[in-house]
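In what follows, a single structure is set out as structure tokens and then discussed.
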Amino acid sequence: MFRFSFRRDVYSPHNLRRGGSLLPVGLTWDDCQQLLQVLFTTEERERILNEAQKLVPGADRNSTTNQAQIDTSFSLTRPEWDFNMAEGKERLWVYHQTLMGGLRMAARKPTNLAKVGNVQQEKDESPAAFLERVIEAFRTYTPMDPEAPESKAAVVMAFVNQSAADIRRKLQKVDRLGEKNLQDLLIVAEKVYNNQELPGDKQAHAVAAASSKQTRDLAKILLATTTTLPRNRTAVSADSPATRRTGTSRGGRRKLQKDQCAYCREIGHWKQECLKRASKKGGEANRVKVLELDELNPLPEPRVTLRVEGTPIGFLVDTGAQHSVLRTPQGKLANKKSWVQGATGMSQYSWTTRRTVDLGMGRVSHSFMVILECPYPLLGRDLLTKIGAQITFRQGGPQVTDGEGHPIQVLTMRLEDEYQLHQKASPVEDSMDEWLQKFPTAWAETGGVGLAAHRALVLGDLKPGEGPSQIVLHASGSPEGNSAKHSETEGIGVLVPCQSAWNTPLLLVKEPHMNDYQPVQDLREVNKRVMDIHPMVPNPYTLLSSLAPSHVWYTVLDLKDAFFSLPLAPHSQPLFAFEWHDLEEGYSGQLTWTRLPQGFKNSPTIFDEALHEDLGEYRRTHPNLTLLQYVDDILIAADTAEDCKQGTRDLLASLGALGYRASAKKAQICRERVSYLGYILEGGQRRLSDARKETMLKIPTPTSRREVREFLGSAGYCRLWIPGFAEIARPLYEATKEGKAFEWTEREETAFKQLKKALLNAPALGLPDIEALPSLHEHKGIEKGVLTQTLGPWSRPVAYLSKKLDPVAAGWPPCLRIIVATALLVKDADKLTLGQEVWITTPHAIEGVLKQPPDRWMSNTRMTHYQSLLLNPPRVRFHPSAALNPATLLPDPNLDAPLHDCAGILEQVHGLRKD
1 MFRFSFRRDV
11 YSPHNLRRGG
21 SLLPVGLTWD
31 DCQQLLQVLF
41 TTEERERILN
51 EAQKLVPGAD
61 RNSTTNQAQI
71 DTSFSLTRPE
81 WDFNMAEGKE
91 RLWVYHQTLM
101 GGLRMAARKP
111 TNLAKVGNVQ
121 QEKDESPAAF
131 LERVIEAFRT
141 YTPMDPEAPE
151 SKAAVVMAFV
161 NQSAADIRRK
171 LQKVDRLGEK
181 NLQDLLIVAE
191 KVYNNQELPG
201 DKQAHAVAAA
211 SSKQTRDLAK
221 ILLATTTTLP
231 RNRTAVSADS
241 PATRRTGTSR
251 GGRRKLQKDQ
261 CAYCREIGHW
271 KQECLKRASK
281 KGGEANRVKV
291 LELDELNPLP
301 EPRVTLRVEG
311 TPIGFLVDTG
321 AQHSVLRTPQ
331 GKLANKKSWV
341 QGATGMSQYS
351 WTTRRTVDLG
361 MGRVSHSFMV
371 ILECPYPLLG
381 RDLLTKIGAQ
391 ITFRQGGPQV
401 TDGEGHPIQV
411 LTMRLEDEYQ
421 LHQKASPVED
431 SMDEWLQKFP
441 TAWAETGGVG
451 LAAHRALVLG
461 DLKPGEGPSQ
471 IVLHASGSPE
481 GNSAKHSETE
491 GIGVLVPCQS
501 AWNTPLLLVK
511 EPHMNDYQPV
521 QDLREVNKRV
531 MDIHPMVPNP
541 YTLLSSLAPS
551 HVWYTVLDLK
561 DAFFSLPLAP
571 HSQPLFAFEW
581 HDLEEGYSGQ
591 LTWTRLPQGF
601 KNSPTIFDEA
611 LHEDLGEYRR
621 THPNLTLLQY
631 VDDILIAADT
641 AEDCKQGTRD
651 LLASLGALGY
661 RASAKKAQIC
671 RERVSYLGYI
681 LEGGQRRLSD
691 ARKETMLKIP
701 TPTSRREVRE
711 FLGSAGYCRL
721 WIPGFAEIAR
731 PLYEATKEGK
741 AFEWTEREET
751 AFKQLKKALL
761 NAPALGLPDI
771 EALPSLHEHK
781 GIEKGVLTQT
791 LGPWSRPVAY
801 LSKKLDPVAA
811 GWPPCLRIIV
821 ATALLVKDAD
831 KLTLGQEVWI
841 TTPHAIEGVL
851 KQPPDRWMSN
861 TRMTHYQSLL
871 LNPPRVRFHP
881 SAALNPATLL
891 PDPNLDAPLH
901 DCAGILEQVH
911 GLRKD
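For the sequence shown, full-length UniProt numbering begins at 1 and goes up steadily by one.
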């Protein structure tokens with residue numbers, strides 16, 4: 001009661017009008033009376049009870065006026081109801097609903113039509129969306145039901161009067177407007193809305209009109225120029241005396257002489273050139289001033305320099321340009337385009353997104369038009385207006401100042417950025433030179449090829465009955481590649497001459513982006529004849545699960561020629577012999593490895609176990625660090641930069657003492673963002689690297705089953721980032737089935753492109769924490785789930801899991817399919833949660849079905865397997881689905897809808913054949 005008394009906002013009129021269920025579950029009649037006493041005053045209680053008595057339902061479920069039935073269903077005194085019986089529960093439920101109805105009626109506010117009138121149609125809003133907003137306003141601010149017939153007139157008038165201007169004019173002209181329904185008016189409004197002129201077309205018409213006006217003005221200027229220029233004396237004119245008849249005119253006027261003015265009668269000029277006539281009409285003031293070409297020297301052009309996103313750009317001040325112009329985008333382009341009328345015609349150009357421009361008087365966000373053909377970046381009237389610019393023309397050239405007279409070239413700083421002037425420079429990251437000098441024996445560049453002399457000799461035992469393999473392939477190459485590598489390895493004892501019955505080819509392959517050659521030996525025949533050992537290399541799929549999200553400082557080391565660090569037993573060395581011919585050194589014969597060779601199938605497992613054992617002491621002495629090792633790739637993570645640096649120093653010292661060498665070129669030391677195993681680790685999250693995405697995107701369309709399998713293998717490595725991977729890739733898996741001709745149809749092409757697109761949009765996934773909640777659901781024979789972990793009030797995704805159900809389980813009822821889906825997802829989640837407690841959220845009663853299994857559908861073996869996975873209370877727990885009513889955001893189940901009962905559904909479903 002104390003908690004409810006301080007939550008009166010829950011019982012506010014706004015929440016009560018929304019119709020939410022505000023009474024806690026299981027309240028008795030006495031509890032309701034106590035709530036009324038604590039939460040409401042005497043006047044409020046009387047108003048609530050009076051309104052509730054008006055809502056008591058009768059036999060026909062409508063409000064009744066029978067006082068006896070009202071007193072029975074909504075008793076004001078303590079009733080004798082047995083809440084353990086069905087009748088008592090029904091009466092209590094009716095009492096709750098009636099009391100809530102009284103609360104809503106008592107909390108109703110008066111009508112506020114002003115709020116409804118404030119709902120106006122936006123510029124780009126469709127009539128249908130606007131009508132929805134009007135109806136919602138009536139529901140929110142008035143007690144009227146907008147769908148009721150008596151409210152039709154008010155809704156129609158609001159829709160008509162509050163629409164956009166062009167739509168409103170059209171609707172007001174509709175005959176018999178009061179008799180039309182909303183659907184008819186909506187059709188008329190949609191026609192007007194769809195016929196509106198697009199902004200681009202409006203601008204194009206405006207530009208065309210301006211161009212036409214400019215053409216007319218130029219024609220007037222040209223005409224005025226031709227009329228004011230001196231007349232060609234040799235031209236024949238209608239007013240020329242040469243064309244007049246000699247003698248006296250009809251009116252008795254005297255004939256004009258050859259060069260006589262008809263206005264002032266003076267000799268030497270004509271009427272159009274008469275100064276007396278011009279002075280009478282206003283003189284030279286009425287003449288059109290025309291500046292001829294080359295008449296005056298060109299004036300200096302006003303130019304200013306502004307910083308756009310920190311880049312200095314010189315602009316030409318052009319008061320005739322409406323918009324400022326850039327020649328290059330300087331970033332992303334917006335979707336907006338405009339028509340521009342230029343000297344070469346009318347063209348359409350794009351706009352940039354908002355750019356930060358330093359104006360000298362402050363910073364503004366502005367969009368520029370991008371015109372590649374423009375000879376110079378233009379500072380138009382839009383930015384000049386923001387500056388309040390003043391252009392002053394002087395002998396030395398024009399000067400552009402702001403409204404206060406300060407030159408625009410002076411750059412300013414925001415007040416909130418002034419503290420940076422007094423800050424010390426951030427420390428520069430330690431260069432690799434310092435690490436190379438402090439730990440020379442830990443790097444391959446300074447320590448050479450390492451040797452773990454303390455390790456036991458590696459043995460390679462043959463399978464019973466296997467003999468030598470000989471493949472004749474003479475290895476030779478460029479002097480700067482093969483010979484250099486041969487001399488280096490032979491000089492340190494990695495390669496030695498031998499005579500062996502075994503012989504396999506050795507190829508030297510150039511490393512990408514490097515002028516170096518790596519020896520790659522084809523040991524496939526040897527691998528077939530050597531005994532297998534159980535692989536112990538960690539799974540990259542689950543390796544990062546042990547990385548704590550709080551560790552955000554990382555160091556990544558890649559061991560150089562890691563396999564060469566382990567010595568090979570002498571009696572196993574002849575297995576890896578190969579032929580070598582070097583004309584420069586005069587050697588021709590067989591060579592073999594004294595160290596663990598690359599390409600040997602057991603090399604990764606042997607080296608991984610050896611390095612893991614050698615780093616055991618480092619792990620014990622650094623419990624605050626996380627060390628991950630995948631063969632020769634090492635990652636350490638720490639909470640702080642100082643812990644990461646100290647851990648890196650100790651790790652390099654340990655590696656140097658043990659005889660291992662790291663590559664300085666590939667080292668990533670004490671960083672907040674590193675690349676490890678094709679993933680980007682940053683801020684407790686992991687995402688796919690751009691290189692891995694680019695590799696996937698470059699894969700061409702498969703033309704055979706083998707190429708499809710190769711693509712699925714590469715894409716499956718990234719399946720944690722692809723929601724519903726199994727469902728998307730189903731057509732591709734079906735294309736790999738044998739027994740029919742390979743066919744690549746549009747269905748497979750669509751799935752192929754969807755997987756590539758999903759990789760481009762792959763989100764950043766959080767690193768798994770100890771407490772993770774998998775959210776599961778099953779759809780169309782594909783089980784899909786999301787493994788999440790709690791981050792404050794939110795659930796952050798850790799991995800997207802999906803698998804295809806087997807054909808037997810896919811034919812079961814949904815309540816049994818969800819059991820199979822949950823079991824498979826829990827098994828996959830264990831790889832990421834490392835056996836920690838898992839909460840399962842699902843609307844199905846999985847736990848109840850497993851404890852009381854059905855007598856059909858599922859065999860005892862399957863049921864026992866699923867029970868062992870899911871009925872494990874210390875580790876696996878079930879959480880009820882918190883499905884909320886979208887209207888109230890509260891658990892408000894629909895009492896009229898049938899409840900989902902898994903046991904009942906399984907009893908009703910029978911697996912009988914149709915025949």
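We treat Cβ as the ideally placed atom computed from N, Cα and C, and that holds for glycine.
Remember, predicted model here, so these are calculated numbers, not experimental data.
Cutoff 7 Å; reference residue i; Cβ partners in own chain excluding five residues on either side
{"i": "Pro479", "result": "Note that Pro479 has pLDDT 38, beneath the 50 cutoff, so the model's placement of it is unreliable and the number below is only indicative. The residues are Glu584."}
{"i": "Lys54", "result": "Ser63"}
{"i": "Gln437", "result": "none"}
{"i": "Val494", "result": "Val449, Phe564, Trp593, Thr594 and Arg595"}
Min CB distance residue i to chain D below 9 Å
{"i": "Ala262", "result": "Among the chains in the structure shown there is no chain D, since it carries only a single protein chain."}
Proximity to residue i [Cα-Cα], best of the options
{"i": "Val155", "options": "Met144, Ala164 and Ala165", "result": "Met144"}
{"i": "Leu462", "options": "Arg661, Arg673, Val496 and Lys528", "result": "Lys528"}
{"i": "Pro597", "options": "Val674, Thr41, Arg265 and Ser572", "result": "Ser572"}
{"i": "Phe711", "options": "Trp553, Ser859 and Glu748", "result": "Glu748"}
{"i": "Gln348", "options": "Thr356, Asn335, Arg355 and Val357", "result": "Asn335"}
{"i": "Tyr95", "options": "Met85, Gly117, Asn84 and Ile70", "result": "Ile70"}
{"i": "Thr446", "options": "Gly656, Ile606, Thr215 and Gly586", "result": "Gly656"}
{"i": "Lys804", "options": "Ile267, Ser654, Pro570 and Glu734", "result": "Glu734"}
{"i": "Thr401", "options": "Arg619, Glu87, Thr305 and Asp217", "result": "Thr305"}
{"i": "Leu652", "options": "Ala444, Arg709 and Pro813", "result": "Ala444"}
{"i": "Thr605", "options": "Leu186, Asp632 and Gln590", "result": "Asp632"}
{"i": "Thr392", "options": "Thr142, Pro535 and Val317", "result": "Val317"}
Short Cβ contact (9 Å threshold) for residue i with residue j
{"i": "Ile634", "j": "Asp561", "result": "no"}
{"i": "Gly647", "j": "Ser550", "result": "no"}
{"i": "Gln521", "j": "Phe578", "result": "yes"}
{"i": "Tyr676", "j": "Leu625", "result": "no"}
{"i": "Gly659", "j": "Leu871", "result": "no"}
{"i": "Val838", "j": "Asp828", "result": "no"}
{"i": "Thr98", "j": "Ala52", "result": "yes"}
{"i": "Phe564", "j": "Phe600", "result": "no"}
{"i": "Phe725", "j": "Leu755", "result": "yes"}
{"i": "Trp29", "j": "Leu92", "result": "yes"}
{"i": "Pro464", "j": "Trp502", "result": "no"}
{"i": "Val192", "j": "Lys170", "result": "yes"}
{"i": "Met432", "j": "Ala664", "result": "yes"}
Which of helix, strand or coil DSSP assigns to residue i
{"i": "Gln573", "result": "helix"}
{"i": "Cys498", "result": "strand"}
{"i": "Ser565", "result": "helix"}
{"i": "His366", "result": "strand"}
{"i": "Ser338", "result": "strand"}
{"i": "Cys644", "result": "helix"}
{"i": "Lys510", "result": "strand"}
{"i": "Val188", "result": "helix"}
{"i": "Leu544", "result": "helix"}
{"i": "Ala887", "result": "Low confidence applies to Ala887: its pLDDT is 38, below 50, so where it sits in the model is not reliable enough to give any reading."}
{"i": "Asn194", "result": "helix"}
{"i": "Ala662", "result": "strand"}
{"i": "Thr28", "result": "coil"}
Proximity test, residue i beta-carbon vs the ligand COA heavy atom, cut-off 8 Å
{"i": "Tyr376", "result": "The ligand COA is absent from the structure shown, which contains no ligand whatsoever."}
Neighbourhood of residue i by C-beta distance below 8 Å, restricted to the same chain and skipping five residues each side
{"i": "Ser151", "result": "Phe138, Met144 and Asp145"}
{"i": "Thr640", "result": "Trp553"}
Proximal residues to residue i (C-beta, below 6 Å), its chain only, five neighbours per side dropped
{"i": "Val674", "result": "Tyr554, Val556, Gln668 and Leu681"}
{"i": "Gly178", "result": "none"}
{"i": "Gln390", "result": "Thr401"}
{"i": "Val134", "result": "Val119, Ala158 and Phe159"}
{"i": "Arg661", "result": "Ala444, Gly447, Gly450 and Lys560"}
4 or more residues per run - each alpha helix (DSSP H) lying fully within the segment 684-739: Uninterrupted alpha helix (DSSP H) stretches at least 4 residues long and entirely within the segment 684-739 occur at 690-697, 705-716, 725-728 and 730-735, given in chain order.
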